[in-house]
Amino acid sequence: MKKEIKKKSKAACPSSILLPPDHTTMAAAAAGASTSAATVSAISAQIAAGRLFAAIDNLTPSCSSSPIPSSLYASLLRLATHHGSLSAARRITTHFASSASQFNRSSVPTFLFNRAIESLAACGGLADARELFDLMPRRDGGSWNAIIYASSRAGKPTEALSLFADMYSRGVRPNDVTMASVLACCSECLNPCGAQQLHGHISKRDFQSNVILGTALVDVYGKCHLLADARQAFDGISEPNAISWNVIIRRYLLAGMGDMAAEMFFRMVRAGVRPLVYTVSHALLACRDNNALEEGRCMHTFVLRHGYEHHIHVRSSVVDMYAKCGAIDAAQRLFNVAPVKDVIMSTSILSGLASCGRIGDAKRVFDRMQERNLVSWNAMLTGYIRSSDLTGALHLFQQMRKETKELDDVTLGSVLNACTGMLDIRKGEEVHAFAFKCGLLSYPFLKNALVRMYSKCGCLRSAELLLQFEMGERDRYSWNSLISGYERHSMSEAALHALSEMQSEVTPNQSTFSSALAACANIFLLKHGMEIHAYMIRSGYEIDDILQSALIDMYCKCRLFDYGIRIFEAQPSRDVILWNSMILGCAYSGKGEYGLELFDEMQAQGIKADSVTFLGALVSCISEGHVGLGKSYFTLMTEESILPRMEHYECMIELLGKHGHMVELEDFVDHMPFEPPTTMWLRIFDCCREYGNRKLGERAAKCINDSNPQTPVRYEATADYMCSDGGSAEPMSFGNPDEELMSPL
DNA sequence: CTAGGGGATG
């Protein structure tokens, strides 16, 4: 087909469609040959049979001596458009244009030129259309409409707008068709000023009663992110139809204003307009984005009552809404009874299961899927990562590599996230090289995953280089990764410096400030921390639990305990994170007793302590000398199946060692599930020296010496300061073991 | 026009 068009176009098309007819045509005309009625009826028959080229072949030069009816040309052009054949449109146009020039140019009606403009443009010949427009003998409003519409559809919105301006200046009045095309141009070039001007014209000329125009206007404003104007335009439509409602709901959804989208949906229903299938789906997605389970349920009821549940789009959106709003059981029930479970619905349910921690169930859905695509693989991959099953993620990736050739930036970005979580820089670098080989390094998501990986793993230099030289556009995520990397790796000054650099490029968000506040806390930059606090308030940032927690921490560490407690007490409902910060804040502000009171109060309020809460309690016990209490907390913690972390063991050793409970200390060490690391032995050694426990001291010395046989400094548990009665403590004759090693804070 | 993505505090 394509080949045929090409051949014909070569044979029949002069470079200009308006070239004067050649001599044979002239000769034929001079001979006075007349178009027979037979030719006309032959052409009509070919048109009726849809045989475009057969029909055109009747357009011999001879038949130009007496004009073919315009309606026949118009039918031919329509057929050419239908076939999408530019060569045919050209031949037809050339034919009637040349016959016209021979007799009387104005014998061809303007409407036929207009149809030709439309046909040429629709077949991809905008340049031909424009040439015809420029050369045609007379133009009417329809000609302008045709060329403006054509330019707009051919992806030349600015050209269309300047044609519109031209038309306007020549005093040709635009009608609603013109307005609709020009509006489309404004949304194409995101030109809200143009839209506003058109809005003025539309109001002046009372096109307001035209639903199509009004709706187009709503869409333009929406596309330009001017949702208030969009809404105003919508409210100006006297009788919005289902499409108008769809447009405003969709624009609210795309602008991230799910609440408004849902509200408009309910208004639409109340107004008695039956929603389009897509509108129902958009409304459900709005609930999903907004985490609005109740509204989502109402919509589900609506779906069932009004017979939308057979549409797979709607059904998938309901499932997705339930899954994302945390009603995973409802989602799964619907999924189980669904007669058709396509890739999309299965992917929704598996990602829902994975994000509520049911990774096993998610994998079962995944394994049972008849068809998988890239998105479903990626969903499974991120599911493992969200469940912090990082090796699971890597295994899945291996399986994926075996079963499909497909992979994209999301895949590799997720694999990188797994490496980041494992702090496995070697694997991360492998993925980096692999991504380069796949040519995926230009994707911002992937580049940011790389910055994050290098930052978190402590290769700040690599992260800096990426940010400096490899990133075309550095966004908030890139900067946030770098800043939190600096903060985590004791480069707090660099973190704050990066923050100020970042601010000249992009707007920070809550994550940025939480890292920045932590950096201030690390190096006790009270003034800077307060500036950030003030800045967040001034700029209207929502100070969420994590930020409050970071603020409490910063103020407590900077010795403004009262500020910390003020933030804490101002909160009507407190998250466990907030309690944790305050309890720890007490612990290192020398207010351990108060911290322990808070610990009790928190549990009295029914908030479950986590490992950090227990850490705060243990630190308070250390500073207040509550050895028994600390021990009971440690037991309680294991009873509540909270796995003690290294810090908790360090605390217990500090608690027992600092207060001279040497027998219990030895017992504790014996029952630890792992061999203490050298840092811990150093502290134990120190305590043995202070309180006297020769046996344990010797063990400590041996472990320290064995761990580092190269060092010239040897640890020895000698009698003069390790005697069991806790005799005199001589100053140490060797280098001072690192004092801060055992400090858990 | 329905499915996957970036997340910081102690």
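Going by UniProt numbering, the first residue of the first sequence is number 1, and it counts up by one from there.
Heads up, the beta-carbon is just placed ideally off N, CA and C, and yes, glycines get one too.
Pairwise C-alpha distance: Lys437 and Ser203: As a position in the first sequence, residue 203 is number 203, starting the count at 1. As a position in the first sequence, residue 437 is number 437, starting the count at 1. Spanning the two alpha carbons is a distance of roughly 57 Å.
Sub-7 Å separation of Val220 and Phe234 beta-carbons: The sequence position of residue 220 within the first sequence is 220, counting from 1. The sequence position of residue 234 within the first sequence is 234, counting from 1. At the C-beta level, Val220 and Phe234 stay beyond 7 Å of one another.
Per-residue burial, Ser481 [other beta carbons within 10 Å of its own, 16 or more giving buried]: Position 481 of the first sequence, counted from the start, is the residue given in the question as residue 481. That one is buried.
So what does DSSP say about Lys10, is it helix, strand or coil? What you label residue 10 is simply residue 10 of the first sequence in a count that begins at 1. Unreliable placement is indicated for Lys10, whose pLDDT of 37 sits below 50; the coordinate value is still reported in the next sentence. Lys10: helix per DSSP, three-state reduction.
Please state whether the Cβ-Cβ distance between Cys325 and Gly357 is less than 7 Å. As a working mapping, residue 325 is identified with position 325 in the first sequence. As a working mapping, residue 357 is identified with position 357 in the first sequence. No, the Cβ-Cβ distance between Cys325 and Gly357 is not below 7 Å.
On the CB-based measure, 16 or more other CB atoms within 10 Å of its CB, does Ala521 come out buried or exposed? Taking the first sequence and counting its residues from 1, the one referred to as residue 521 is at position 521. Buried, since its Cβ has 16 or more Cβ neighbours within 10 Å.
Proximal residues to Ser514 (C-beta, below 7 Å), its chain only, five neighbours per side dropped: Here residue 514 corresponds to residue number 514 of the first sequence, with the count starting at 1. Same-chain partners within the cutoff: Ile546, Leu547 and Ala550.
Between Ser388, Ser99, Gly660 and Phe53, which has its C-alpha nearest Tyr68's C-alpha? Taking the first sequence and counting its residues from 1, one reaches residue 68 at position 68. Checking the sequence, you will find Ile at residue 68 rather than Tyr. Of Ser388, Ser99, Gly660 and Phe53, the residue nearest in Cα terms is Ser99.
Among the residues of its own chain, which have a CB less than 7 Å from the CB of Phe397, if the five just before and after it don't count? Taking the first residue of the first sequence as 1, we reach residue 397 at position 397. Closer than 7 Å at the Cβ level, and outside the excluded window around Phe397, lie Leu381 and Val415.
Stretch pair the stretch 118-129 + the stretch 163-176: three plus CB contacts closer than 8 Å: Proximity of the stretch 118-129 to the stretch 163-176 falls short of the contact definition, fewer than three beta-carbon pairs being nearer than 8 Å.
For the candidate residues His313, Ala242 and Ile607, whose alpha-carbon lies nearest to that of Ile344? Start at 1 with the first residue of the first sequence, and residue 344 comes out as number 344. Of the residues His313, Ala242 and Ile607, the one whose Cα lies closest to the Cα of Ile344 is His313.
For His95, which residues from the same chain have a beta carbon less than 6 Å from its beta carbon, with the 5 sequence-adjacent residues on both sides left out? On the first sequence, residue 95 is found 95 positions in, with the first residue counted as 1. These residues qualify, in order along the chain: Leu59.
Distance, Cα to Cα, Tyr535 vs Glu542? Taking the first sequence and counting its residues from 1, one reaches residue 535 at position 535. Taking the first sequence and counting its residues from 1, one reaches residue 542 at position 542. For Tyr535 and Glu542, the distance between alpha carbons rounds to 12 Å.
Only counting the same chain, and skipping five residues up and downstream in sequence, which positions put a Cβ closer than 6 Å to that of Phe561? Taking the first residue of the first sequence as position 1, residue 561 is located at position 561. Sequence-distant Cβ neighbours of Phe561 in its own chain, meaning closer than 6 Å and more than five residues away, are Ser589.
Determine whether the beta carbon atoms of Ala393 and Ile385 lie at a separation below 7 Å. As a first step, residue 393 must be located in the first sequence, where it is residue number 393. As a first step, residue 385 must be located in the first sequence, where it is residue number 385. A contact, by the Cβ cut-off of 7 Å.
Ser169 versus Trp144, Thr347, Tyr633 and Gly657, residue with shortest Cα-Cα distance: Within the first sequence, residue 169 is the residue found at index 169, counting from 1. Closest option to Ser169, Cα to Cα, is Trp144.
Name the two residues that bound the continuous alpha helix (DSSP H) containing Ser442. Working through the first sequence from its first residue, we reach residue 442 at position 442. Premise fails: Ser442 is in no alpha helix (DSSP H) and is neither H nor E.
Assuming Ile532 and Glu493 make a contact with CB atoms under 8 Å, what is their CB distance in whole Å? For the purposes of this step, residue 532 is taken as residue 532 along the first sequence, with counting starting at 1. For the purposes of this step, residue 493 is taken as residue 493 along the first sequence, with counting starting at 1. In fact, because the Cβ distance is near 15 Å, the residues do not count as touching under 8 Å.
May I have the straight-line CA-CA distance separating Lys405 from Cys651, to the nearest angstrom? Taking the first residue of the first sequence as 1, we reach residue 405 at position 405. Taking the first residue of the first sequence as 1, we reach residue 651 at position 651. When rounded, the distance between both Cα atoms is 50 Å.
Whole-number beta carbon distance between Cys123 and Glu89, since they are thought to touch under 8 Å: The sequence position of residue 89 within the first sequence is 89, counting from 1. The sequence position of residue 123 within the first sequence is 123, counting from 1. A quick correction: the sequence has Ala, not Glu, at residue 89. In this structure Ala89 is in contact with Cys123, their Cβ atoms being roughly 5 Å apart against a cut-off of 8 Å.
Identify which residue in Ala518, Trp479 and Ile684 has its Cα closest to the Cα of Glu501. As a position in the first sequence, residue 501 is number 501, starting the count at 1. Among Ala518, Trp479 and Ile684, the Cα nearest to that of Glu501 is on Trp479.
Are the CB atoms of Asp134 and Thr110 within a distance shorter than 7 Å? Within the first sequence, numbered from 1, the residue matching residue 110 stands at position 110. Within the first sequence, numbered from 1, the residue matching residue 134 stands at position 134. Between Thr110 and Asp134, the C-beta gap is not smaller than 7 Å, which leaves the two residues out of contact.
For Ala261, I'd like the list of residues in its chain whose CB is within less than 6 Å of its CB, leaving aside the five on either flank, ordered along the chain. Here residue 261 refers to the residue found at position 261 of the first sequence. Taken in chain order, the residues that qualify are Ile249, Tyr252, Leu253 and Ala286.
Give the straight-line distance between the Cα atoms of Tyr563 and Ile642, rounded to the nearest whole angstrom. Locating residue 563 in the first sequence gives position 563, counting from the first residue. Locating residue 642 in the first sequence gives position 642, counting from the first residue. Looking at the two C-alpha atoms, the distance is approximately 31 Å.
Among the candidates Glu690, Pro676 and Tyr691, whose CA atom is the shortest distance from the CA of Lys702? Start at 1 with the first residue of the first sequence, and residue 702 comes out as number 702. Taking only the C-alpha atoms, the option nearest Lys702 is Pro676.
Measure the CB-CB distance between Met471 and Cys419 and report whether it falls below 7 Å. What you label residue 471 is simply residue 471 of the first sequence in a count that begins at 1. What you label residue 419 is simply residue 419 of the first sequence in a count that begins at 1. Between Met471 and Cys419, the C-beta spacing is not below 7 Å.
With distances taken from CA atoms, which of Asp670, Leu350 and Ala717 is nearest Glu690? Position 690 of the first sequence holds residue 690. Here the closest residue by C-alpha is Ala717.
Buried versus exposed call for Asp320 [16 or more other C-beta atoms within 10 Å across all chains shown]: Residue numbering aside, residue 320 sits at position 320 when the first sequence is read from its first letter. A residue is called buried once 16 or more other Cβ atoms fall within 10 Å of its Cβ, and Asp320 is buried on that count.
Where His83 and Asn290 are concerned, what is the direct C-alpha to C-alpha distance, given to the nearest angstrom? By 1-based counting over the first sequence, the position of residue 83 is 83. By 1-based counting over the first sequence, the position of residue 290 is 290. Roughly 46 Å separates the two Cα atoms.
Runs of alpha helix (DSSP H) wholly within the stretch 556-627 (minimum 4 residues, chain order): Complete alpha helix (DSSP H) runs here, min 4: 561-569, 576-587, 592-604 and 611-624.
Can you grab the Cα-Cα spacing for the pair Leu52 / Leu190, in whole Å? The residue labelled residue 52 in the question sits at position 52 within the first sequence. The residue labelled residue 190 in the question sits at position 190 within the first sequence. If you take the alpha carbons of Leu52 and Leu190, they lie about 40 Å apart.
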